[in-house]
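Everything below concerns the one structure shown next.
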Amino acid sequence: MRKLYFYLFLLFASLSNVNAQNYQIGHTTINFVDSNRGNRSIPTEIYYPADISGDNVPISTINSTKFPNLVFGHGFLMTWDAYQNFWNSLVPYGYIIAFPKTEGTISPSHLEFGKDLAFVINQMNILGNQNTSIFFNRISNKNAVLGHSMGGGASFLSVPLNSNITALVNFAAAETNPSAIAVTGSISIPTLIFAGANDCVTPPNTNQLLLYNGLSSSCKTYISINGASHCQMANSNTLCSFGESSCTPIATISRTEQHNKIFSYLLPWLNFQLKSDCSQGAFFDSQIISDSTITYLKNCLLCSALDNVDVADVENEIVVFPSPANDIIFVKGVFQKEYYIYLSDINSKKILEFKFNESLNIDISKLASGVYFYEIFDSNKKSIKGKILKK
């Protein structure tokens, strides 16, 4: 019965994500001015939910929903229109996304671009409070900064500059000057990092993995897409493709496949982090475990589907997952019940033991790859046994 509820719940979560698409795409251009930086001009393209598509059309009146605010940083020598895949995929699901167009030269300032991203976040929030703006009373207090390549690195630089940023997402993020890696220790907000396993421009080992490992966030996820490349994070772009043509490995999946994979994770993650949709968090958690087309690192559960199952249906049952596992094993038991868990190697040598109530996250990142065995006891000395595979 528990498994039936579990899978029905995940089915509902996935279907609700599809059925949430209600909006057309509106567009406007605004030139923001930062008086604290010598009246710096920040021209910005903005896409938002509307009832009819077009330029400067009213924001949607289907309901009175306040939409989360996303600000996206472009890659080196790339323009905002290379990211049409993002506004086409996010705006119909109830997101506003803004693209600052600064630092598009051959010698950009990464720090100024990071400041621009932080500044536009606040300017969008101000528009939400101005009764003369089309965004009046329609922008929520949930703000995420996103970016690709150079813009991905700049997205890290922006977070310490603006406490209103509540989530961070980037795609093939590049190390910057000043160092994006150096600021990761000061970043504690939820973060989702996408990498391409075949990225020869900003290889994961020297860019995204270092960024992930440096984060202080208690909820961070790193997803590397098998066969994915650097430039295929965006739509086709001549300058990006030219730069990528000089290195290997090349992509072994199509651009469409790469985009589909990105948004299959990005949408439920945003829906949980910025819209508090627990079912979408559970869908994200379950999908990532069984997906053979990615590798991942993760230190949190967004929202366990088991929390939505009647306690009577899981009584005297324990769930241990994932297997195979990367760095974290999640253990889920009965609400407010006390347990003991022992983890042993193939030689029956006990290597870890914990006492916990209801649930537990076990860090196995320092264990060698291989098979490990667990035994879990409840307070009545009843036990279950099983095994997990460490990648």
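Under my numbering, think of the first position of the sequence shown as 2, with each following residue one higher. For each residue, glycine too, the CB sits at the ideal point set by N, CA and C. Everything numeric in this text was worked out from a predicted model, so none of it was measured.
Legend entry - Three-way DSSP call (helix, strand, coil) for Tyr213 in this model: Taking the first residue of the sequence shown as position 1, residue 213 is located at position 212. Looking at Tyr213 - three-state DSSP - the assignment turns out to be helix.
Inset, instruction - Answer with buried or exposed for Ala83, where buried requires no fewer than 16 other C-beta atoms within 10 angstroms of its C-beta. - result: Along the sequence shown, read from residue 1 onward, the residue named residue 83 stands at position 82. It is buried - the Cβ of Ala83 has at least 16 other Cβ atoms within 10 Å.
Inset, instruction - Under 7 Å Cβ to Cβ from Ala155, same chain only, skipping five residues before and after it: list those, please. - result: Within the sequence shown, the letter at position 154 stands for residue 155. Excluding sequence neighbours, Ala155 sits near Gly74, His111, Phe114, Gly115, Leu118, Gly148, Thr177.
Inset, instruction - Count the C-beta pairs between the segment 205 to 217 and the segment 171 to 189 that are closer than 8 Å, then say yes if the count reaches three, no if not. - result: Taking a contact to require three or more Cβ pairs closer than 8 Å, the segment 205 to 217 and the segment 171 to 189 qualify as touching.
Legend entry - Nonlocal neighbours in the same chain, by C-beta distance under 8 Å from Asp328, ignoring five residues either side: For the purposes of this step, residue 328 is taken as the residue at position 327 of the sequence shown. Result list for Asp328: Leu298, Lys299, Asn300, Asp364, Ile365, Ser366, in chain order.
Legend entry - Cα-Cα separation between Gln209 and Met151, rounded to whole angstroms: Position 208 of the sequence shown holds residue 209. Position 150 of the sequence shown holds residue 151. The alpha-carbon of Gln209 is positioned some 12 Å away from that of Met151.
Inset, instruction - Compute the Euclidean distance between the alpha carbons of Lys386 and Lys351, then round it to the nearest angstrom. - result: Stepping through the sequence shown from its first residue, residue 386 is reached at position 385. Stepping through the sequence shown from its first residue, residue 351 is reached at position 350. Whole-angstrom Cα-Cα distance: 14 Å.
Inset, instruction - Could you give the DSSP three-state label for Lys391: helix, strand or coil? - result: Reading the sequence shown from its first residue, position 390 is the one you call residue 391. Correct three-state label for Lys391: strand.
Inset, instruction - Out of Ser90, Met79, Asn138, point me to the one whose CA is closest to Pro109's CA. - result: If you number the sequence shown from 1, residue 109 lands on position 108. The residue among Ser90, Met79, Asn138 with its C-alpha nearest the C-alpha of Pro109 is Met79.
Inset, instruction - Please list, in chain order, all residues of the same chain as Tyr24 whose beta carbon is under 8 Å from its beta carbon, the five residues on each side excluded. - result: Position 23 of the sequence shown, counting from 1, holds the residue named residue 24. Cβ within range, chain order: Pro50, Ala51, Asp52, Ser61, Ile63, Val92, Pro93, Tyr94, Gly95.
Legend entry - Boundaries of the beta strand (DSSP E) in which Ile26 is found, first to last residue: By one-based count along the sequence shown, residue 26 stands at place 25. Its beta strand (DSSP E) spans residues 25 to 35.
Inset, instruction - Work out the CA separation of Tyr213 and Ile1 for me, nearest whole Å. - result: A query on residue 1 cannot be resolved here, the shown segment of the chain reaching from 2 to 392 and no further.
Inset, instruction - Tell whether a beta-carbon distance below 8 Å holds between Asn199 and Ser246. - result: Taking the sequence shown and counting its residues from 1, the one referred to as residue 199 is at position 198. Taking the sequence shown and counting its residues from 1, the one referred to as residue 246 is at position 245. No, the Cβ-Cβ distance between Asn199 and Ser246 is not below 8 Å.
Legend entry - Beta-carbon proximity check, Phe33 vs Gln124, cutoff 8 Å: To locate residue 33, count along the sequence shown from 1; it is residue 32. To locate residue 124, count along the sequence shown from 1; it is residue 123. The criterion of a C-beta distance shorter than 8 Å is satisfied by Phe33 and Gln124.
Legend entry - Residue range of the unbroken alpha helix (DSSP H) whose run includes Glu245: Taking the sequence shown and counting its residues from 1, the one referred to as residue 245 is at position 244. 239 to 245 is the span of the alpha helix (DSSP H), which, as asked, contains Glu245.
Inset, instruction - State the start and end residues of the unbroken beta strand (DSSP E) segment that holds Ala99. - result: In the sequence shown, counting from the first residue as 1, residue 99 sits at position 98. Its beta strand (DSSP E) spans residues 97 to 101.
Legend entry - Inter-residue Cα distance where the pair is Phe172 and Trp270: Locating residue 172 in the sequence shown gives position 171, counting from the first residue. Locating residue 270 in the sequence shown gives position 269, counting from the first residue. Here the C-alpha atom of Phe172 lies approximately 14 Å from the C-alpha atom of Trp270.
Legend entry - Helix, strand or coil at Thr45 according to DSSP, with G and I counted as helix: Here residue 45 refers to the residue found at position 44 when the sequence shown is read from its first residue. It is a strand residue.
Inset, instruction - For Ser42, I'd like the list of residues in its chain whose CB is within less than 7 Å of its CB, leaving aside the five on either flank, ordered along the chain. - result: Start at 1 with the first residue of the sequence shown, and residue 42 comes out as number 41. Sequence-distant Cβ neighbours of Ser42 in its own chain, meaning closer than 7 Å and more than five residues away, are Asn32, Val34.
Legend entry - Cutoff 6 Å; reference Asn358; Cβ partners in own chain excluding five residues on either side: Here residue 358 refers to the residue found at position 357 of the sequence shown. Excluding residues within five positions, the ones whose Cβ falls inside 6 Å are Glu339.
Inset, instruction - From the DSSP output, read off the bridge partner residues of Ala51. - result: For the purposes of this step, residue 51 is identified with residue 50 of the sequence shown, where counting begins at 1. Gln25, Ile60, per the DSSP bridge assignment.
Inset, instruction - Tell me whether Glu104 sits in a helix, a strand or coil according to DSSP, three-state version. - result: As a working mapping, residue 104 is identified with position 103 in the sequence shown. Looking at Glu104 - three-state DSSP - the assignment turns out to be coil, as it is neither helix nor strand.
Legend entry - Collapsed DSSP secondary structure at Asn70 in the structure displayed: For this step, residue 70 is matched to residue 69 along the sequence shown. Note: Asn70 maps to strand in three-state DSSP.
Inset, instruction - Name the residue from Phe284, Lys383, Pro161 whose alpha carbon lies nearest to the alpha carbon of Ala183. - result: On the sequence shown, residue 183 is found 182 positions in, with the first residue counted as 1. With distances taken between Cα atoms, Ala183 lies closest to Pro161.
Inset, instruction - Can you tell me the Cβ-Cβ gap for Ala145 and Leu275, rounded? I've got them flagged as a contact below 8 Å. - result: Locating residue 145 in the sequence shown gives position 144, counting from the first residue. Locating residue 275 in the sequence shown gives position 274, counting from the first residue. Yes, Ala145 and Leu275 are in contact; Cβ-Cβ is about 6 Å, under 8 Å.
Inset, instruction - Count the other C-beta atoms from every protein chain shown that fall within 10 angstroms of the C-beta of Asn138, then say buried if there are 16 or more, exposed otherwise. - result: Reading the sequence shown from its first residue, position 137 is the one you call residue 138. For Asn138, the number of other beta carbons within 10 angstroms of its own is below 16, and it is reported as exposed.
Inset, instruction - Report the rounded CA-to-CA distance for Ile389 versus Phe284, giving the unit in angstroms. - result: Here residue 389 refers to the residue found at position 388 when the sequence shown is read from its first residue. Here residue 284 refers to the residue found at position 283 when the sequence shown is read from its first residue. Taking the straight line from one Cα to the other gives about 22 Å.
Inset, instruction - State buried or exposed for Ile295, treating a residue as buried only when at least 16 other CB atoms are found within 10 Å of its CB. - result: Taking the sequence shown and counting its residues from 1, the one referred to as residue 295 is at position 294. By the Cβ neighbour-count rule, Ile295 is buried, with 16 or more other Cβ atoms within 10 Å of its own.
Inset, instruction - For Ser196, write down the residues that DSSP places opposite it in a beta bridge. - result: Looking up residue 196 in the sequence shown gives position 195. The sequence shown places Ala at residue 196, rather than the Ser named in the question. Listed as beta-bridge partners of Ala196 by DSSP are Ser225.
Legend entry - Under the three-state DSSP convention, the category Glu176 falls into: Within the sequence shown, the letter at position 175 stands for residue 176. Glu176 sits in coil when the DSSP states are folded into three classes, being neither helix nor strand.
Legend entry - Sequence-distant residues of the same chain with beta carbon closer than 6 Å to Leu222, five excluded per side: Position 221 of the sequence shown, counted from the start, is the residue given in the question as residue 222. One point to set straight first is that residue 222 is Thr, not Leu, in the sequence displayed. Counting only Cβ-Cβ distances below 6 Å, and skipping sequence neighbours, we find Leu193, Lys299.
Legend entry - Per-residue burial, Glu354 [other beta carbons within 10 Å of its own, 16 or more giving buried]: For the purposes of this step, residue 354 is taken as residue 353 along the sequence shown, with counting starting at 1. Around the beta carbon of Glu354, fewer than 16 other beta carbons lie within 10 angstroms, which makes this residue exposed.
Legend entry - For Gly76 and Ser54, believed in contact at Cβ under 8 Å, the rounded distance: Position 53 of the sequence shown, counted from the first residue, corresponds to residue 54. Position 75 of the sequence shown, counted from the first residue, corresponds to residue 76. In fact, because the Cβ distance is near 26 Å, the residues do not count as touching under 8 Å.
Inset, instruction - Figure out for me which residue from Tyr48, Ile251, Ser65, Pro69 has the closest Cα to the Cα of Trp88. - result: Counting from 1 along the sequence shown, the entry for residue 88 is found at position 87. Among Tyr48, Ile251, Ser65, Pro69, the Cα nearest to that of Trp88 is on Tyr48.
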